[in-house]
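Chemist: Just dropping this structure here.
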Amino acid sequence: MTATQPQSVFTTEDLLTGCQAVSHGVRLADVDVIAAYPIRPYTEVMDYLSRLIANGELDAEYIIADSEHSQFEIVKHAASVGARAFAGSSGTGWMYGFEALVVAATDRLPVLFLVGNRALDDPGAFGVEHNDALALRDMGWLIHWVTTPQEALEHVLIGYRIAEDPRVRMPIALAMDGAFLTHSQHVVKIPSPEAVKRYLPPYSLGDRVLHPDNPISIAPQANEDWVMEIRRQNWEAARRARGVIKEAYQEFNAIFGERYTNPYFDEYLTDDAETVLIGIGTVASPGRTAVRRLREQGHKVGYVNLRWFRPFPTVELRDCLRRFKAVGVIDRDFAHGSGDDGGALLHEIRSCLYPAKERPAIVNFITGLGGRDVSIADAIKMFQLTEQAATADHLDSYVTWIGVRE
Amino acid sequence: MIKRVEVNYRGIFQKNLAKQIGGDIVLIASRMGKVGFSNGRYSDSPERNGIPCKYFAFVTPDLSEEELEAECGAKLDIDEADISVVLDDTMCKGVEPWGWYGVRPINEKIIAGATMIVVSRREPPELLKWIERRPYEYKMTIITGDASLAGLWVNKDDLTRERVLGAIAGADPDLISIEAVESYLNEKTKDPTRAQAARAAYDEARQRLYTVKPDEGIKWPYVIPELPKWNHFMEAAAVPAVPRHFEIGPRGQSRNEQLQRFTTRTERPVVRFDLCTKCQLCWYDCPDECFDPTPDGLYDVNYDYCVGCGRCAQVCPVKECIVMVDELRFDDHKSPWEHYKRDKDGYIAWAEEKKGTRRVVYPFVTGTGVAVHEGEHVPEGQKTVVKKQDKLEVKL
Numbered sequence: 001m002t003a004t005q006p007q008s009v010f011t012t013e014d015l016l017t018g019c020q021a022v023s024h025g026v027r028l029a030d031v032d033v034i035a036a037y038p039i040r041p042y043t044e045v046m047d048y049l050s051r052l053i054a055n056g057e058l059d060a061e062y063i064i065a066d067s068e069h070s071q072f073e074i075v076k077h078a079a080s081v082g083a084r085a086f087a088g089s090s091g092t093g094w095m096y097g098f099e100a101l102v103v104a105a106t107d108r109l110p111v112l113f114l115v116g117n118r119a120l121d122d123p124g125a126f127g128v129e130h131n132d133a134l135a136l137r138d139m140g141w142l143i144h145w146v147t148t149p150q151e152a153l154e155h156v157l158i159g160y161r162i163a164e165d166p167r168v169r170m171p172i173a174l175a176m177d178g179a180f181l182t183h184s185q186h187v188v189k190i191p192s193p194e195a196v197k198r199y200l201p202p203y204s205l206g207d208r209v210l211h212p213d214n215p216i217s218i219a220p221q222a223n224e225d226w227v228m229e230i231r232r233q234n235w236e237a238a239r240r241a242r243g244v245i246k247e248a249y250q251e252f253n254a255i256f257g258e259r260y261t262n263p264y265f266d267e268y269l270t271d272d273a274e275t276v277l278i279g280i281g282t283v284a285s286p287g288r289t290a291v292r293r294l295r296e297q298g299h300k301v302g303y304v305n306l307r308w309f310r311p312f313p314t315v316e317l318r319d320c321l322r323r324f325k326a327v328g329v330i331d332r333d334f335a336h337g338s339g340d341d342g343g344a345l346l347h348e349i350r351s352c353l354y355p356a357k358e359r360p361a362i363v364n365f366i367t368g369l370g371g372r373d374v375s376i377a378d379a380i381k382m383f384q385l386t387e388q389a390a391t392a393d394h395l396d397s398y399v400t401w402i403g404v405r406e
Numbered sequence: 001m002i003k004r005v006e007v008n009y010r011g012i013f014q015k016n017l018a019k020q021i022g023g024d025i026v027l028i029a030s031r032m033g034k035v036g037f038s039n040g041r042y043s044d045s046p047e048r049n050g051i052p053c054k055y056f057a058f059v060t061p062d063l064s065e066e067e068l069e070a071e072c073g074a075k076l077d078i079d080e081a082d083i084s085v086v087l088d089d090t091m092c093k094g095v096e097p098w099g100w101y102g103v104r105p106i107n108e109k110i111i112a113g114a115t116m117i118v119v120s121r122r123e124p125p126e127l128l129k130w131i132e133r134r135p136y137e138y139k140m141t142i143i144t145g146d147a148s149l150a151g152l153w154v155n156k157d158d159l160t161r162e163r164v165l166g167a168i169a170g171a172d173p174d175l176i177s178i179e180a181v182e183s184y185l186n187e188k189t190k191d192p193t194r195a196q197a198a199r200a201a202y203d204e205a206r207q208r209l210y211t212v213k214p215d216e217g218i219k220w221p222y223v224i225p226e227l228p229k230w231n232h233f234m235e236a237a238a239v240p241a242v243p244r245h246f247e248i249g250p251r252g253q254s255r256n257e258q259l260q261r262f263t264t265r266t267e268r269p270v271v272r273f274d275l276c277t278k279c280q281l282c283w284y285d286c287p288d289e290c291f292d293p294t295p296d297g298l299y300d301v302n303y304d305y306c307v308g309c310g311r312c313a314q315v316c317p318v319k320e321c322i323v324m325v326d327e328l329r330f331d332d333h334k335s336p337w338e339h340y341k342r343d344k345d346g347y348i349a350w351a352e353e354k355k356g357t358r359r360v361v362y363p364f365v366t367g368t369g370v371a372v373h374e375g376e377h378v379p380e381g382q383k384t385v386v387k388k389q390d391k392l393e394v395k396l
C-alpha cells in the first residue's frame with residue numbers, strides 16, 4: 001500500500017492493536033447496536049468498544065449477551081429493524097453461534113461480524129487457525145481477511161458499505177489472525193468522521209425494514225415449493241456483490257488515496273515470477289520476506305496475499321495464477337478428508353484454475369495450525385518444494401505439512 | 001537494521017505496565033522518524049497471577065513497516081533480543097510460562113553486546129549467580145527498586161514505566177534517545193516529574209552498566225523438555241493422570257512433574273515450625289496443595305510447586321509463624337521441615353535471618369502500592385494470635 005492519501009481525511013494517528021483498530025472502525029461507522037460476549041482473541045474488541053462508549057466517543061446500544069448465539073441473534077434482529085449492528089467472536093464461540101449466523105445470511109441482513117481466528121477446541125487452544133471463519137464458506141456470507149490494523153479499520157468501513165449496498169444486503173465476516181494481528185500494536189492513521197460520512201451512507205434496509213410504518217413479515221416458513229428460488233435469489237445477490245466490491249474500493253481510493261490496487265488480492269513481486277505462493281492472513285509476512293531473500297539468489301518468486309474468500313475472485317485469480325509455472329497454496333486450515341487430504345484454499349484454487357488452457361503445477365501446504373509459527377525458513381522451504389513441483393514428472397503427494405513435529 | 005526489545009513481566013500484576021512500555025517504545029521511535037510495532041507473546045496466559053510473560057517492541061530506522069512486519073510479525077517469540085527488560089528480578093531464577101516449556105534462563109534470547117535491564121535492589125554479580133552463562137559478552141544494568149506489582153487490571157503509577165524508558169535510552173540511544181523519551185513524556189503527560197524520573201534512570205543505567213564476561217553465570221540446572229512427535233502421545237491429546245501416591249512426610253504426595261510453577265513466585269513462605277499450632281489452615285487453604293503433612297503433625301512446604309500466592313501467610317492465625325519473604329534470598333528448594341528437625345535452633349535463626357525486619361504486603365486487588373511494616377522476632381515457641389489488620393496502610 002502506498003500512502004498518497006490527502007492529509008485531511010486522516011486526522012489523527014494512534015497506536016492500536018488489530019482489535020482496537022476494528023473498534024475505531026465501528027466508532028467511525030457510527031454503529032447503532034453492539035452485542036458482546038467474550039472469547040479470546042475477539043474479547044479486546046468488546047473491551048475497547050465499551051471504553052469508547054464510556055468515554056463518550058461512541059453512542060450505541062451495547063448489550064452483553066448470555067452467549068454467542070444470543071449475541072448474534074440480538075444483532076441480527078437489530079439489523080432487521082433498521083440499526084447498523086456489530087458483533088464478533090472467535091473459534092468455538094463463533095461455532096456456537098452458527099444457527100444465528102446462517103439465518104443472518106438467508107434473511108439477507110447486512111450485519112458485520114468480526115472473527116478473530118482461533119483454533120477450534122478441544123484441546124483448549126488460543127492460536128490462529130482459519131477453520132472457524134471458513135466454516136461459513138457455503139452459507140451465503142461475504143468473507144474477507146485483513147493483514148494489518150490499518151486494513152482492519154478500513155475494512156470495517158468498506159465492509160459495511162459493500163454489505164449494505166441495496167444490490168447486495170448480505171452479512172459480512174471480517175476475519176483476522178488471532179494474536180498476530182488482533183493483539184499486535186501498530187501506528188494507525190485514523191480517518192476523519194467527515195471523510196467516513198462521505199464514504200459510508202446511512203444504514204438502510206429499504207422496503208425490508210421491520211417497522212410499524214412498513215408492515216412486513218420476515219423469515220417465514222418456506223416449504224419445498226419455495227426454497228430453491230430463495231437460494232437462487234441469494235446467489236444473485238452474491239453475483240452482484242462482485243461488482244459492488246470493485247466499486248467500493250474505487251470509491252475508497254478516491255476519498256482516502258490510492259491504497260488498494262486490487263480489491264481481492266495483493267501481488268508481491270509477481271511481474272516476472274515463475275513460482276508463487278498464495279496464502280491468507282499474516283502468513284504473508286514470512287512469505288514476502290522469503291521472496292526477497294530468494295530473489296537475492298536469483299529465484300523468480302512472488303507472493304499473492306488473498307483478501308477475499310467469498311465471493312471467491314475466480315476470474316481474477318485465474319488470470320493472475322495461470323501465468324506462473326507453479327503455485328504453492330498455503331492453508332492455515334485443514335479440510336479433513338477432502339480431495340487429496342488438502343486444505344480449503346487448495347480446492348478453491350484448483351477449481352478456479354481447471355478451465356485455464358495453460359495450468360501451473362499446484363501443490364498445497366498445511367501449516368501454522370493452532371498458531372504455530374510459520375518461519376521465514378518454512379516459507380523458503382515451501383518455495384523450494386513448489387519450484388520442484390514445476391518440473392517434476394510425478395508427485396507422490398500434492399500436500400505437505402510444514403512445521404509439524406515428525 | 002532491526003532492534004528487538006523484550007519486556008519480561010509478571011502475569012496480571014505487570015501486564016498493563018509491560019504493554020504500555022511496548023507501546024511507548026514504538027511511539028517514541030516514531031517521533032525519531034523510525035518505524036515500529038509491539039505485541040505480546042500470545043501463548044502466555046497473563047491473567048494468571050505472577051506467571052512469567054513477555055511483551056515485545058520492534059523498531060527499525062531503515063525498513064518499511066511492511067518489511068519490519070515481515071521480519072518480526074506473525075511470530076510467537078523472538079529469536080534474539082537487543083534489549084531485555086526484567087520487571088521483577090526474581091525472574092532471574094528462571095521462567096516457565098506454561099507446561100512442557102521447561103524452566104528457561106531469563107537471558108535465553110540475549111545476543112552478544114545486548115543489554116539486560118533489571119528492576120532490582122541487587123548488583124549484577126548477585127543476580128548472575130542464578131543466570132545461565134553465555135559464551136559471549138553482553139551487558140547488564142539496574143534500575144534500583146522493587147518490582148512494580150499492581151492489581152488485577154490496575155496499573156500502578158509509580159514511575160516504573162518512565163524509568164524503564166529512561167534506562168532503555170541509556171542502554172541503547174540508537175533505539176530511543178533520552179531526549180525523545182523526555183519530549184514524549186512531557187508532551188503526553190504535561191508532568192515534568194515523569195521526564196525527570198526517566199532522566200534519572202537513564203543516568204543510573206549508564207553509570208551502573210556492567211559487562212557480563214563470557215561464561216559468567218551458571219551452568220543451567222534445568223532440562224528443557226523435548227516436545228513429542230505427532231504420533232508419540234495419546235490420541236485426542238488425552239493426558240495420563242499423575243499416578244496417585246501419598247505418604248506422610250516431605251514430598252510424600254505425587255504431583256505433576258511437567259509443570260512445577262515455582263518460577264511464578266516473587267516471595268516464598270517461611271515457616272516457623274516452633275510456633276505452629278497444627279491448625280491445618282495453611283494445608284487446607286493452599287490453592288496448589290504445596291503443603292505436605294509430616295509425622296509430627298506439622299506441614300512441610302514443597303517449594304518446587306509453591307507459586308508464592310501468600311494465602312498461607314494470610315490465613316495463619318499465629319503471629320510471625322508464616323511470613324512471605326523475597327525469593328532471591330534463597331538458593332534451593334530443600335525441605336524446611338527437614339532442616340528444622342535436624343537443627344531446631346539453627347533453623348529458627350536461619351528463618352529469622354531470611355525474614356529480616358521488613359514485612360512486605362502487595363494489595364493486589366486495589367493495586368495501589370505496597371504495604372511495608374516492621375516484623376518482630378518472636379522467641380521460640382511463643383505463640384501469639386496474629387492481629388489481622390482491617391486496613392492496610394499503603395504507600396506508593
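In the order they appear, the protein sequences are chains X and Y. For the first sequence, the positions run 1 to 406 when our numbering is used. For the second sequence, the positions run 1 to 396 when our numbering is used. C-beta atoms are modelled at their ideal positions from N, C-alpha and C, and glycine is treated no differently. What you are looking at is a predicted structure, and each value in this text was computed from that prediction instead of being measured.
Establish whether the CB of X/Phe126 and some CB of chain Y are separated by less than 8 Å.
Modeler: Counting from 1 along the first sequence, the entry for residue 126 of chain X is found at position 126. Answer yes: the Cβ-Cβ gap between X/Phe126 and chain Y drops below 8 Å somewhere.
Chemist: Output, in chain order, the set of chain Y residues within a Cβ distance shorter than 7 Å of X/Pro123.
Modeler: For this step, residue 123 of chain X is matched to residue 123 along the first sequence. In chain order: Ala237.
Chemist: With DSSP run on the structure shown, which of helix, strand or coil describes X/Thr391?
Modeler: Here residue 391 of chain X refers to the residue found at position 391 of the first sequence. Three-state result, X/Thr391: helix.
Chemist: Contact defined as beta carbons within less than 8 Å: I believe X/Leu277 pairs with X/Phe383. What is the distance between those atoms, to the nearest angstrom?
Modeler: Counted from its first residue, the first sequence places residue 277 of chain X at position 277. Counted from its first residue, the first sequence places residue 383 of chain X at position 383. About 6 Å separates the two Cβ atoms, so the contact holds.
Chemist: What's the C-alpha gap between X/Thr2 and X/Arg259?
Modeler: The count along the first sequence starts at 1 and reaches residue 2 of chain X at position 2. The count along the first sequence starts at 1 and reaches residue 259 of chain X at position 259. Only weak support exists for where X/Thr2 lies, its pLDDT of 44 falling under 50; the value from the coordinates is given anyway. So the alpha carbons of these two residues sit roughly 6 Å apart.
Chemist: Indicate the three-state DSSP secondary structure (helix, strand or coil) for Y/Pro379 in the structure shown.
Modeler: Against the second sequence, residue 379 of chain Y aligns to sequence position 379. Looking at Y/Pro379 - three-state DSSP - the assignment turns out to be coil, as it is neither helix nor strand.
Chemist: Roughly how far, in whole angstroms, is the beta-carbon of Y/Asp397 from the beta-carbon of Y/Ala114, given that I think they are within contact range, below 8 Å?
Modeler: In this structure chain Y extends from 1 to 396, so residue 397 of chain Y is not present and cannot be described.
Chemist: On the DSSP letters alone, give me the boundaries of the beta strand (DSSP E) that X/Ile280 sits inside.
Modeler: Here residue 280 of chain X is taken as the residue at index 280 of the first sequence, counted from 1. Start and end: 275 to 280.
Chemist: Let me know if X/Trp226 comes out buried or exposed under the rule of 16 or more other beta-carbons within 10 Å of its beta-carbon.
Modeler: To locate residue 226 of chain X, count along the first sequence from 1; it is residue 226. It is exposed - the Cβ of X/Trp226 has fewer than 16 other Cβ atoms within 10 Å.
Chemist: Would X/Ala54 count as contacting chain Y if we go by Cβ distances under 8 Å?
Modeler: Taking the first residue of the first sequence as 1, we reach residue 54 of chain X at position 54. Not one chain Y Cβ lies under 8 Å of X/Ala54.
Chemist: Is the Cβ of Y/Val270 closer than 8 Å to any Cβ of chain X?
Modeler: The residue labelled residue 270 of chain Y in the question sits at position 270 within the second sequence. Y/Val270 does not count as touching chain X.
Chemist: Between the beta-carbon of X/His155 and the beta-carbon of X/Leu174, is there less than 8 Å?
Modeler: Mapped onto the first sequence, residue 155 of chain X falls at position 155. Mapped onto the first sequence, residue 174 of chain X falls at position 174. The answer is yes: Cβ separation under 8 Å.
Chemist: Opposite X/Asn305 in the DSSP bridges: which residues?
Modeler: On the first sequence, position 305 is the one that residue 305 of chain X refers to. The partner list for X/Asn305 (beta bridge, DSSP) reads X/Asp266, X/Gly279.
Chemist: Report the neighbours of Y/Phe246 on chain X: residues whose CB is nearer than 9 Å to its CB, in chain order.
Modeler: Counting from 1 along the second sequence, the entry for residue 246 of chain Y is found at position 246. Correct list: empty, because the minimum Cβ distance to chain X is about 28 Å.
Chemist: Can we say the segment 115 to 126 of chain Y touches the segment 184 to 195 of chain Y, given the rule of at least three CB pairs closer than 8 Å?
Modeler: no
Chemist: Between Y/Gln258 and Y/Gly99, which are expected to be in contact by the criterion C-beta below 8 Å, what is the C-beta distance as a whole number of angstroms?
Modeler: Position 258 of the second sequence, counted from the start, is the residue given in the question as residue 258 of chain Y. Position 99 of the second sequence, counted from the start, is the residue given in the question as residue 99 of chain Y. At roughly 5 Å, the Cβ-Cβ gap stays under 8 Å, so Y/Gln258 and Y/Gly99 are in contact.
Chemist: Grab me the residues of Y/Ala197's own chain with a C-beta within less than 6 Å of its C-beta, minus the 5 sequence neighbours each way, in chain order.
Modeler: For the purposes of this step, residue 197 of chain Y is taken as residue 197 along the second sequence, with counting starting at 1. Once the five neighbours on either side are set aside, the close Cβ partners of Y/Ala197 are Leu159, Glu162, Arg163.
Chemist: On a CA-only basis, which of X/Ala152, X/Asp213, X/Arg240, X/Asp333 is nearest X/Met170? Give me that one, please.
Modeler: Along the first sequence, one-based indexing puts residue 170 of chain X at 170. The shortest Cα separation from X/Met170 among X/Ala152, X/Asp213, X/Arg240, X/Asp333 belongs to X/Arg240.
Chemist: How big is the Cα-Cα spacing for X/Arg372 and X/Thr43?
Modeler: Start at 1 with the first residue of the first sequence, and residue 372 of chain X comes out as number 372. Start at 1 with the first residue of the first sequence, and residue 43 of chain X comes out as number 43. Taking the straight line joining both Cα atoms gives about 21 Å.
Chemist: Is it right to say Y/Trp230 is buried, meaning 16 or more other beta carbons lie within 10 angstroms of its own, or is it exposed?
Modeler: Position 230 of the second sequence, counting from 1, holds the residue named residue 230 of chain Y. By the 10 Å Cβ count, Y/Trp230 comes out exposed.
Chemist: Examine chain Y for any beta-carbon lying closer than 8 Å to the beta-carbon of X/Phe180, and answer yes or no.
Modeler: Along the first sequence, one-based indexing puts residue 180 of chain X at 180. A Cβ of chain Y is located within less than 8 Å of the beta carbon of X/Phe180.
Chemist: For a contact meaning CB atoms closer than 7 Å, what does Y/Phe37 contact in chain X?
Modeler: On the second sequence, position 37 is the one that residue 37 of chain Y refers to. Ser184, Gln185, His186, listed in chain order.
Chemist: With DSSP as the reference, label X/Thr147 as helix, strand or coil.
Modeler: By one-based count along the first sequence, residue 147 of chain X stands at place 147. X/Thr147 falls in the coil class under three-state DSSP.
Chemist: By DSSP's criteria, Y/Arg104 is part of a beta bridge. Which residues make up the other side?
Modeler: In the second sequence, residue 104 of chain Y corresponds to position 104, counting from 1. DSSP, once it has assigned bridges, lists Y/Val95 as partnering Y/Arg104.
Chemist: Quick check on this structure: which residue in Y/Arg121, Y/Tyr101, Y/Trp130 has the alpha carbon closest to the alpha carbon of Y/Asn107?
Modeler: Position 107 of the second sequence holds residue 107 of chain Y. Of the candidates Y/Arg121, Y/Tyr101, Y/Trp130, the one whose C-alpha sits nearest the C-alpha of Y/Asn107 is Y/Trp130.
Chemist: Looking at C-alpha atoms only, which residue of Y/Cys92, Y/Ala237, Y/Ala180 is the closest neighbour of Y/Gly33?
Modeler: Position 33 of the second sequence, counted from the start, is the residue given in the question as residue 33 of chain Y. Comparing Cα-Cα distances from Y/Gly33 to each of Y/Cys92, Y/Ala237, Y/Ala180, the minimum goes to Y/Ala180.
Chemist: Look at Y/Thr277 and Y/Ile248 and say whether their C-beta atoms are less than 8 Å apart.
Modeler: Against the second sequence, residue 277 of chain Y aligns to sequence position 277. Against the second sequence, residue 248 of chain Y aligns to sequence position 248. No.
Chemist: Could you give the C-beta distance for Y/Phe291 and Y/Tyr299, rounded to a whole number, given that I count them as a contact under 8 Å?
Modeler: The residue given as residue 291 of chain Y occupies position 291 in the second sequence. The residue given as residue 299 of chain Y occupies position 299 in the second sequence. Between Y/Tyr299 and Y/Phe291 the Cβ distance is about 4 Å, and since that is below 8 Å, they are a contact.
Chemist: Within the continuous beta strand (DSSP E) that includes Y/Lys54, where are the two ends?
Modeler: For the purposes of this step, residue 54 of chain Y is taken as residue 54 along the second sequence, with counting starting at 1. Run containing Y/Lys54: 52 to 60, per the beta strand (DSSP E) assignment.
Chemist: Please identify, using Cβ separations under 8 Å, the residues of the segment 39 to 71 of chain Y that lie next to chain X, in order along the chain.
Modeler: Asn39, Gly40, Tyr42, Ser43, Glu65, Glu66, Glu67, Glu69, Ala70, Glu71
Chemist: Taking the beta strand (DSSP E) that X/Val209 falls in, what are its first and last residues?
Modeler: Position 209 of the first sequence holds residue 209 of chain X. Looking at the DSSP string, X/Val209 is not in any beta strand (DSSP E), and its letter there is neither H nor E.
Chemist: Alpha carbon to alpha carbon, what distance is there between Y/Tyr101 and Y/Ile51?
Modeler: Sequence index remark: in the second sequence, residue 51 of chain Y carries index 51 (1-based). Sequence index remark: in the second sequence, residue 101 of chain Y carries index 101 (1-based). Distance between the alpha carbons of Y/Ile51 and Y/Tyr101 is about 13 Å.
Chemist: What residues in the segment 275 to 294 of chain X bring their beta carbon closer than 7 Å to a beta carbon of chain Y?
Modeler: Thr282, Val283, Ser285, Pro286, Arg288, Thr289
Chemist: Rounded to whole angstroms, what is the Cα-Cα separation between X/Ala390 and X/Arg322?
Modeler: Along the first sequence, one-based indexing puts residue 390 of chain X at 390. Along the first sequence, one-based indexing puts residue 322 of chain X at 322. Whole-angstrom Cα-Cα distance: 13 Å.
Chemist: By a C-beta neighbour count over all protein chains shown, 10 Å radius and 16 as the cutoff for buried, is Y/Ser335 buried or exposed?
Modeler: Translated into positions along the second sequence, residue 335 of chain Y becomes position 335. Buried: at least 16 other Cβ atoms inside 10 Å.
Chemist: Pull up the distance between the alpha-carbon of X/Phe252 and that of X/Gly159, whole angstroms please.
Modeler: Position 252 of the first sequence, counting from 1, holds the residue named residue 252 of chain X. Position 159 of the first sequence, counting from 1, holds the residue named residue 159 of chain X. Taking the straight line from one Cα to the other gives about 11 Å.
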